Amino acid sequence: MRGSATSMGGTGRGFPSTVRSDILAAADAGGTGYRALMDGLIRRYWKPVYAYVRIAWRKGKEDAKDMTQAFFSHLLEDGSLGRLRPERGTFRSWLRASLKNFLIDARRADLARRPIAGALGLDAEPEWLERLGPAAPGDSPEAAYDREWVRCLVGESVEALRVELEAEGKGDWFQVFRKYCLDPAEGAPGGAASPVPTYREVAEALGLNETGVRHRLEHARTRLRRILRERILETAASPEDADRELAEVLGW
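In short: position in the sequence shown from 1, add 1036, done, that's the numbering used here.
So, in structure tokens, the structure goes:
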């Protein structure tokens, strides 16, 4: 944070325990802890917003960063959250629509070139800003936004799974999940995914038998699915909407 500014860090991993209640509470600019609530929302959602802006606004990293700051300042200052109706759809859809409308209004581009006193600062690492650019030629703002939303959601849910398992003395269960599911996806420094190991390879690496690997992996996957659904349900209009969004995430 700089002075009274709200900051958006690139490495924050916290996940609010009641996201829906925090979003609704942040709609009351006069409420207790308003700035702290907004700080939490911004830290969680700036990456998909930036990814959308980067492509839709067709500007470089720094200009897109400025416009992302301007958008969140707009939410802070005009009470947009007060018009949010959770029963009408997910927060993901509402935020994306608000962002799209914000960018359509061309005059708001001037906000990105004027300092907004006491608003917010985006303290993101340069490599984060580069990674959040277009994935390929023709990448759409909507695709980039959804991609980063899913990445953040899955990353936070995986961290919650790790914390849960370690608290139960099942840290090795998470290590099975990491070695089989996460490490191959992270791949080599060059960016290519690594081959998925066999159950035998995981068992040998961790000193288990193949049955133990299978059991731990099934358990971790089931719990991760439950955590993902709980996270989605916190900002969904209904359980049915949560299930539809979960299906999208799992099929990503």
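A virtual CB, placed ideally from N, CA and C, is assigned to each residue, including glycine. Just so we're clear, the structure is a prediction, and the values are computed from it rather than from any experiment.
Q. Under a Cβ-count criterion, where at least 16 other Cβ atoms within 10 Å of its own Cβ denotes burial, should D1141 be classed as buried or exposed?
A. Here the question's residue 1141 lines up with position 105 in the sequence shown. Exposed.
**Q.** From G1174, Y1181, S1129 and R1187, residue whose alpha carbon lies closest to that of V1089
**A.** The count along the sequence shown starts at 1 and reaches residue 1089 at position 53. Cα-wise, what sits closest to V1089 is Y1181.
Q.
Quick check on the burial criterion: 16 or more other C-beta atoms within 10 angstroms. Buried or exposed for G1076?
A. Taking the sequence shown and counting its residues from 1, one reaches residue 1076 at position 40. Buried.
Q) Roughly how many angstroms lie between the CA atoms of A1283 and L1264, to the nearest whole one? A) Your numbering for residue 1283 matches position 247 in the sequence shown. Your numbering for residue 1264 matches position 228 in the sequence shown. The alpha-carbon atoms of A1283 and L1264 are separated by roughly 10 Å.
**Q.** Option nearest E1240 by Cα separation, candidates K1215, S1230 and R1262
**A.** Taking the first residue of the sequence shown as position 1, residue 1240 is located at position 204. Nearest C-alpha to E1240: K1215.
Q. Around the C-beta of T1126, are 16 or more other C-beta atoms found within 10 angstroms, so that it is buried, or is it exposed?
A. Here residue 1126 corresponds to residue number 90 of the sequence shown, with the count starting at 1. By the neighbour-count rule (16 or more Cβ atoms within 10 Å), T1126 is buried.
Q.
Classify R1094: buried if its beta carbon has 16 or more other beta carbons within 10 angstroms, exposed otherwise.
A. Here residue 1094 corresponds to residue number 58 of the sequence shown, with the count starting at 1. It is exposed - the Cβ of R1094 has fewer than 16 other Cβ atoms within 10 Å.
Q) Do you know offhand how far H1110's Cα is from W1130's? A) Residue mapping note: residue 1110 aligns to position 74 of the sequence shown, counting from 1. Residue mapping note: residue 1130 aligns to position 94 of the sequence shown, counting from 1. For H1110 and W1130, the distance between alpha carbons rounds to 15 Å.
Q) Just curious, the alpha helix (DSSP H) that Y1216 is in, first and last residue? A) Residue numbering aside, residue 1216 sits at position 180 when the sequence shown is read from its first letter. Here Y1216 belongs to no alpha helix (DSSP H), and DSSP marks it neither H nor E.
Q: Work out the CA separation of A1256 and N1245 for me, nearest whole Å.
A: Position 209 of the sequence shown, counting from 1, holds the residue named residue 1245. Position 220 of the sequence shown, counting from 1, holds the residue named residue 1256. About 17 Å.
Q: Apply the 10 Å Cβ neighbour rule to E1222 and answer buried if 16 or more other Cβ atoms are within range, or exposed otherwise.
A: Working through the sequence shown from its first residue, we reach residue 1222 at position 186. Exposed: under 16 other Cβ atoms inside 10 Å.
Q.
Between V1190, K1101 and I1078, which has its C-alpha nearest Y1086's C-alpha?
A. One-based indexing of the sequence shown puts residue 1086 at position 50. Out of V1190, K1101 and I1078, K1101 has the C-alpha closest to the C-alpha of Y1086.
Q) Do K1083 and E1178 have their CB atoms nearer than 7 Å? A) Residue 1083 sits at position 47 when you count from the first residue of the sequence shown. Residue 1178 sits at position 142 when you count from the first residue of the sequence shown. Not in contact: K1083 and E1178 (Cβ atoms no closer than 7 Å).
Q) Where Q1211 and A1072 are concerned, what is the direct C-alpha to C-alpha distance, given to the nearest angstrom? A) In the sequence shown, counting from the first residue as 1, residue 1211 sits at position 175. In the sequence shown, counting from the first residue as 1, residue 1072 sits at position 36. Taking the straight line from one Cα to the other gives about 34 Å.
Q: Find out if the Cβ-Cβ distance for the pair V1232, P1220 is shorter than 7 Å.
A: Position 196 of the sequence shown, counted from the start, is the residue given in the question as residue 1232. Position 184 of the sequence shown, counted from the start, is the residue given in the question as residue 1220. For V1232 and P1220, yes; Cβs fall inside 7 Å.
Q.
Here's a check: name, in chain order, each residue in its chain whose Cβ is nearer than 8 Å to the Cβ of T1054, leaving out the five neighbours to either side.
A. The count along the sequence shown starts at 1 and reaches residue 1054 at position 18. Low per-residue confidence applies at T1054: pLDDT is 47, beneath 50, and the placement is therefore not dependable enough to give any value.
Q | Own chain residues within Cβ distance below 6 Å of V1190, not counting five before or after | A | Residue mapping note: residue 1190 aligns to position 154 of the sequence shown, counting from 1. None.
Q: With distances taken Cα to Cα, identify the nearest neighbour of S1230 among R1236, I1091 and C1217.
A: In the sequence shown, the residue the question calls residue 1230 occupies position 194. Among R1236, I1091 and C1217, the Cα nearest to that of S1230 belongs to C1217.
**Q.** Start and end residues, alpha helix (DSSP H) containing V1232
**A.** Locating residue 1232 in the sequence shown gives position 196, counting from the first residue. Premise fails: V1232 is in no alpha helix (DSSP H) and is neither H nor E.
Q) Under the three-state reduction of DSSP, which class applies to D1175: helix, strand or coil? A) Here residue 1175 corresponds to residue number 139 of the sequence shown, with the count starting at 1. Coil, per DSSP.
**Q.** Close Cβ partners of L1165 (< 6 Å) along its chain, the five nearest in sequence each way excluded
**A.** By 1-based counting over the sequence shown, the position of residue 1165 is 129. Here the set comprises K1097.
Q: For E1270, name the three-state secondary structure that DSSP assigns.
A: Position 234 of the sequence shown holds residue 1270. Residue state, collapsed to three classes: coil.
Q: Would you mind reading off the limits of the alpha helix (DSSP H) that contains N1137?
A: Taking the sequence shown and counting its residues from 1, one reaches residue 1137 at position 101. F1127 to I1140 is the extent of the alpha helix (DSSP H) around N1137.
Q) Whole-angstrom Cβ separation of C1188 and R1080, contact assumed at under 8 Å? A) By one-based count along the sequence shown, residue 1188 stands at place 152. By one-based count along the sequence shown, residue 1080 stands at place 44. Yes, they are in contact, since the Cβ atoms of C1188 and R1080 sit about 7 Å apart, within 8 Å.
**Q.** Backbone CA spacing between S1043 and D1208 [nearest angstrom]
**A.** As a working mapping, residue 1043 is identified with position 7 in the sequence shown. As a working mapping, residue 1208 is identified with position 172 in the sequence shown. Low confidence applies here, because S1043 scores a pLDDT of 41, under 50, leaving its location unreliable and the question unanswered by this model.
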